[in-house]
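All remarks here apply to the structure that follows.
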Amino acid sequence: MIERDNRDIQFTHLAMENVRLQNLVLEYEEELRLRDVEDAADKAQTAEMLASKDRQIAEQAALIESQKKDIERITADRDQERDSRIKAEEQKKALIIQLNQQKQDHEEEMKELLPAKEMLKEAEKNNVDCQAVIKMMLNREYNTNSDASRYMNGEFCLDDPLIQDMGLGDIVKTLLARTATSDDKDEEKQAPRKSPEGSSKPKNKKSQAGISKKRRKWTKEAIEELGIDKELGIDTSNLPKGAKLIKRKDKDSGYDIWYVELITYVGPKLERRTYCIGRFNVPGSDPMCSKYPESIIQGNPMTPSLAAFYFDQKIGYGMSEERILQMLTQMGGNIPQSTLNGWAHDVMGYLKDRLQEPMKDAIKLSVYTHNDGTHIIVRSWNEEKKCYEYHVEWIHGVLSPDMKTVVMLYADGSRSHTIQEEEIFKGSNIQSFIADRAPLYETLDDEKAFKAFLKNGRIELSNSAAERMFRHIAMGRRNWLHSGSHDAAQNIAFMYSLYESCKLNDLNFFDYINDVLTRLMKGETDYKSLIPCNYKPLPNDDGEGQKEAA
């Protein structure tokens, strides 16, 4: 019994040992399997890393190739720029050589003209009758020549050897200028500028058609080619009696004079008027200048008629500035766009500073108004980004049927109605207004305002009048597209205020602008009387007075 129990115990131990060994085998096999899995994962990761490295190498190679191409392109551009610079230097040297040659030629010409100038001074000093001398010379030289009639009719060849040898070129020029009759001067379309003593102001010579520069003939037609549109003499009405024009040695004409130009719109053409200004010695006082011509803004040559034409086309007809420039070019004017734009905005600001506040005061006397707004694209400078940006801004309009006045206001970044409340409604007599709140739910929020027309028959139910006043702005946006700055947008808003107010008062916008600018130019300070609702044309004014002032 005991022996059998021992065998059972040993067998049990062996069975347990067998189980333990089997477990060890299983653990070993599991460990081998896990190692195989890890090895496979490591191999996959290694393969992926190798593929990633290959991709990076390919990208680096492509980048290097791109940089290489950029370097080659930059090198080619630099070579081209260097070649261009070398070519420019060569052209510069050639130009310097040409200018030096011209300088030498001019010096030689000056040396040749010195005897002629001395002879001219001597003739003027001795009061020689130049006309008699020329006639005597021509009679002696050409009395039997077939060309005698041509030379005796006032045609002289300044390059003729005989005249050049005698030094009478300047005498002939002075003779032609001094012996012209008054009828000839009236018939000349373009006369050369004259100093007060009659000497011609030097001008750039233009060769006549069919006549070479070497054999130029100074006829009446040749002189007309050198003229200007219209030249006015010195206005000495502001100087005391006894004032004398100052002489200057450094002046070509010998007198201390200069010219002021004003551009005027006259009918279908532009007329450029040049006014001569002189400095005079005044007995017992400092030197004084002669009277300057009247102008809207000193230094701005735009006259009332030209300003009225520009504003009528741009504001009234919605034309772009490019089309206005084309019209001015056809009328004989050649004005750069930036220059014309600067002149126009200066005049707009001039009008706005004087008439906007009286128009606001007139609106404040109204009982009720129409109110609305419209958008406008404005270009403005972004200080952070250091560039220009375009933003949608808003122009707010107030229309008064009582005062027949429209005021449009613009403020940077103003979309709400605070600008109307601060500039118009605050401190005014306005009791009610028709706002631009079209949605029904917003109307129901203000039931009292919605029912205001039931208590006052003058109040309109719709806001169509305010919407109509923005029609011309909408038309203009399709042509001039945007405003160049916030100041320009303010000027545009004011000019449309004037235009719509003129429509309400049955005023011709062109005539109104022309007359108002003329009155302001002449010193009118009653600005309240010049706004459209108070404007009265001058009595017996048929337009001629405005043309004279323009």
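Those letters in the sequence shown? Residues 6 to 555, by the numbering used here. Ideal placement from N, C-alpha and C gives every residue a C-beta, glycine not left out. Keep in mind it's a predicted model, so treat the numbers as computed, not measured.
D377 by DSSP, collapsed to three states: which one? strand
Taking all protein chains shown into account, decide if P309 is buried (16 or more other Cβ within 10 angstroms of its Cβ) or exposed. buried
Quick check: the Cα distance between P444 and G378, rounded to an integer number of angstroms? Model confidence at P444 stands at a pLDDT of 46, short of 50, so the residue's coordinates are unreliable and nothing is read from them.
Can you tell me the Cα-Cα spacing of M353 and M336, whole angstroms? 23 Å
DSSP-derived helix/strand/coil call for N305: strand
Flag this pair as yes or no: are the beta carbons of A471 and H375 separated by less than 8 Å? yes
Let's test the definition: count the other Cβ atoms within 10 Å of the Cβ of S506 and tell me whether it reaches 16, buried, or not, exposed. buried
If you run the structure through DSSP and keep just helix, strand and coil, what is P544? coil
For N387: DSSP bridge partner residues: C392
Return the residue from the list E8, A416 and M474 that minimises the CA-CA distance to Y504. M474
Evaluate S488 with the Cβ neighbour count: other Cβ atoms within 10 Å of its Cβ, from every protein chain shown; 16 or more gives buried, anything less gives exposed. buried
CA-to-CA distance, L525 to P273, given in whole angstroms: 25 Å
Cβ atoms of I282 and S290: under 8 Å apart, would you say? no
If you compare alpha carbons, which of V42, I381, E86 and Q109 is closest to A479? I381
Between the Cα of C392 and the Cα atoms of R384, E398 and W399, which residue gives the shortest distance? R384
Only counting runs of 4 or more residues, tell me where the alpha helix (DSSP H) segments fall wholly within the segment 293-375, in order along the chain. 309-316, 326-335 and 342-369
Name, in chain order, the residues that DSSP records as bridge partners for Y4. Examination of residue 4 is not possible in this model, given that the chain is present from 6 through 555 alone.
With L360 and I536 assumed to form a contact (beta carbons below 8 Å), what rounded beta-carbon distance in angstroms separates them? 6 Å
Which whole-angstrom value describes the C-beta separation of V265 and P298, a residue pair presumed to lie in contact below a C-beta threshold of 8 Å? 6 Å
Measuring CB to CB, does L345 end up less than 8 Å from R278? no
Alpha carbon to alpha carbon, how far is R284 from K390? 51 Å
Per DSSP, what kind of secondary structure is E465 in: helix, strand or coil? coil
Opposing strand residues paired with Y415 [DSSP bridges]: I400
Ends of the alpha helix (DSSP H) at G259? It is not in any alpha helix (DSSP H) - G259 carries neither H nor E in the DSSP assignment.
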